[in-house]
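Q: Taken in order, the sequence shown gives residues 4 to 117; the numbers are from this note's numbering.
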Amino acid sequence: MAGAISRERLLQLTKLQTSIFSQTFNPERLRLGNKILRQRLKGPALAAYYPRKSTTINDMLRQFKDKFGLSGWNEAEEDRLESIQIAKIRGKGAPKKIRTADGSKKNKKKGGKK
4 MAGAISRERL LQLTKLQTSI FSQTFNPERL RLGNKILRQR LKGPALAAYY PRKSTTINDM
64 LRQFKDKFGL SGWNEAEEDR LESIQIAKIR GKGAPKKIRT ADGSKKNKKK GGKK
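(1) State the DSSP-derived secondary structure class of residue 11, mapped to helix, strand or coil.
(2) Are the segment 74-87 and the segment 58-65 in contact at 8 Å, needing three or more beta carbon pairs?
(3) Indicate the three-state DSSP secondary structure (helix, strand or coil) for residue 132 in the structure shown.
(4) Check whether the Cβ atoms of residue 30 and residue 14 sit closer than 9 Å, and answer yes or no.
(5) Relative to the C-alpha of residue 41, which candidate in 47, 58, 98 and 26 has its C-alpha closest?
(6) So, helix, strand or coil for residue 28, using DSSP?
So, in structure tokens, the structure goes:
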């Protein structure tokens, strides 16, 4: 019966195997992520799943507004601006931005004893 095969001989064998089968030689058995890196890329498949973005009227207006003097009407934007204006009239709008350092000091909470 033959004796046990030495560790050096096994390392030589695995090195030869990895070179034949185009694998990575990793005698310390570290986690290198080669299994993931060998997989096919998923980016093109995911990109093909979603439809390409088609050009909208707003895109065309933005592109050619200056060249041809086009003007357009965005009903959703007009509705949004109108609802903001109504909210401001009712006192429900966003507060005005404070422009000076003096104004920001007034709005800070005062600490200390009451």
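No residue lacks a Cβ here, since even glycine has one placed at the ideal position from N, Cα and C.
A: In this structure, then:
(1) Residue mapping note: residue 11 aligns to position 8 of the sequence shown, counting from 1. Reduced to three states, the DSSP call for residue 11 is helix.
(2) yes
(3) One cannot answer for residue 132 here, as it falls past the ends of the chain, which runs 4 to 117.
(4) What you label residue 30 is simply residue 27 of the sequence shown in a count that begins at 1. What you label residue 14 is simply residue 11 of the sequence shown in a count that begins at 1. In this structure, residue 14 lies closer than 9 Å to residue 30 by Cβ.
(5) For the purposes of this step, residue 41 is taken as the residue at position 38 of the sequence shown. When only C-alpha atoms are compared, the closest one is 26.
(6) Here residue 28 corresponds to residue number 25 of the sequence shown, with the count starting at 1. Here residue 28 sits in coil by DSSP.
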